[in-house]
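Step one of this worksheet: look at the structure below.
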Amino acid sequence: MLGPRDGLAALKAFRLAGGEKISTPDSVFLFTDDNLPGADPARRKQLHEAAVQAGVSNIIPAAGCETSELIERGLIVPGELAVSNLVEIHRLGGIGALGLRVTVRDVAELLRGKLLSVTVPETVRVDLTGQRQALVSGRDVFFALRREVGRDRLAGRALEIGGEGLGGLNLHERRRLCAQGAHAGLAGVFCLPDRAGVAELNQRIVRPYTTVEPEKDAGYAHRAAFDLSHAQLSVAPPGGIDGWQTVGEASGEPVARVVIGGGGSCALDDLRVAVDIIKLRRLNPKVRC
Numbered sequence: 002m003l004g005p006r007d008g009l010a011a012l013k014a015f016r017l018a019g020g021e022k023i024s025t026p027d028s029v030f031l032f033t034d035d036n037l038p039g040a041d042p043a044r045r046k047q048l049h050e051a052a053v054q055a056g057v058s059n060i061i062p063a064a065g066c067e068t069s070e071l072i073e074r075g076l077i078v079p080g081e082l083a084v085s086n087l088v089e090i091h092r093l094g095g096i097g098a099l100g101l102r103v104t105v106r107d108v109a110e111l112l113r114g115k116l117l118s119v120t121v122p123e124t125v126r127v128d129l130t131g132q133r134q135a136l137v138s139g140r141d142v143f144f145a146l147r148r149e150v151g152r153d154r155l156a157g158r159a160l161e162i163g164g165e166g167l168g169g170l171n172l173h174e175r176r177r178l179c180a181q182g183a184h185a186g187l188a189g190v191f192c193l194p195d196r197a198g199v200a201e202l203n204q205r206i207v208r209p210y211t212t213v214e215p216e217k218d219a220g221y222a223h224r225a226a227f228d229l230s231h232a233q234l235s236v237a238p239p240g241g242i243d244g245w246q247t248v249g250e251a252s253g254e255p256v257a258r259v260v261i262g263g264g265g266s267c268a269l270d271d272l273r274v275a276v277d278i279i280k281l282r283r284l285n286p287k288v289r290c
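Start counting the sequence shown at 2; every next residue gets the next number (my numbering).
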């Protein structure tokens, strides 16, 4: 999966490494920013020319919603692997696929048909229990989980999520949970396929697939249970998402601007929730939204 910026860099590296035509063009999906009004025309032209020259056939004008497009179009299904330089690749773990983030140079080598050597990371297994509080999202769940399990335990490892509580998260919320993987230094995030998730997925995907589950004797670097009721509504302050706080912890802080639907969202569901909250209220005239 290639985005506008990393895609251009990868295609340039591909050419510099001696590549002419991509070895398996059907497995490469390039997302361009033709859907965005503020895109740089010169860079956009460069990207299209490089893609045509390399033989890229799957060009999709949907920058910013790359993984959502892959899933909604059935281009990725449970049990499959996708690689990209984009941090959003972790989202695919929400449907039981594996998204692996690699460097631009790695992508260029894959485009040339070369093998990529990777070290399989240790895995942390977390079983979800209980139920979420009202309006708590998958993103809120992830940051609460990160706090309880410990960031040091997660960094550099893969996170496997299962348990009965997982059934209370729809696919959108699972993808939101997995999307935050990069903010814990995770090598990958994977939600185990369950009955609820598969039933929802089958309404969107028509091609056959085989789910992947861990071996019965699988070993883990750490195992933990996380009660979903512990997750609270949260906000990311201006300093960045690593400064995440619960709404309670941020209570009393002055608010000048609110961003809804930014990084890690990219779905109508988020806007619908926001509308339901504010439609019967007045926005403070001092707050930009």
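Using N, Cα and C, we set each Cβ at its ideal position, and we do this for glycine too.
- Bounds of any beta strand (DSSP E) do not take in C179; it lies within the alpha helix (DSSP H) bounded by 172-180.
- Counting C-beta atoms within 10 angstroms of its own C-beta, G253 has fewer than 16 neighbours from the protein chains shown and is therefore classed as exposed.
- R283 and D270 have their alpha carbons spaced roughly 21 Å apart.
- Bridge partners of A225 according to DSSP: V127.
- About 7 Å separates the beta carbon of V248 from that of Q233, a gap short enough to meet the 8 Å contact definition.
- Rounded to the nearest whole angstrom, the C-alpha separation of V121 and G163 is 20 Å.
- A contact is defined here as three or more CB-CB pairs under 8 Å, and the stretch 123-139 fails this definition with respect to the stretch 52-69.
- With distances taken between CA atoms, M2 lies nearest to V29 out of L17, I23, V29.
- Per DSSP, the unbroken beta strand (DSSP E) holding I162 starts and ends at 159-163.
- The stretch 82-95 makes contact with the stretch 172-183; the number of CB pairs closer than 8 Å reaches 3 or more.
- For the 9 Å CB-CB criterion, A225 and V127 form a contact.
- Remark: fewer than three beta-carbon pairs, one from each stretch, lie closer than 8 Å, so the stretch 105-117 and the stretch 145-162 are not flagged as touching.
- Separation of K13 and P42 (C-alpha to C-alpha, rounded to the nearest whole angstrom) is 18 Å.
- Remark: C-beta atoms of N86 and V105 approach each other more closely than 9 Å.
- Scanning G157, G151, D107, G97 for the CA closest to the CA of E123 turns up G157.
- Beta-bridge partners assigned by DSSP to C192: I162.
- In this structure, DSSP gives L101 an extended state, which the three-state scheme calls strand.
- For V150, the enclosing alpha helix (DSSP H) stretches over residues 139-150.
- Per DSSP, S28 lies in no alpha helix (DSSP H) segment and is marked neither H nor E.
- Per the C-alpha coordinates, the member of I261, P286, K287 positioned closest to I278 is I261.
- The criterion of a C-beta distance shorter than 9 Å is satisfied by L101 and V119.
- The beta carbons of R152 and G186 sit closer together than 9 Å.
- Cβ neighbours of G244 within its own chain (closer than 8 Å, five residues either side excluded): A237, P238.
- Taking 8 Å as the upper bound for CB-CB distance, G189 and L99 are in contact here, some 6 Å apart.
- Excluding the 5 residues flanking it on each side, A83 has same chain C-beta neighbours closer than 8 Å at M2, L71, I77, I90, L93, A98, L99, G100, L101, in chain order.
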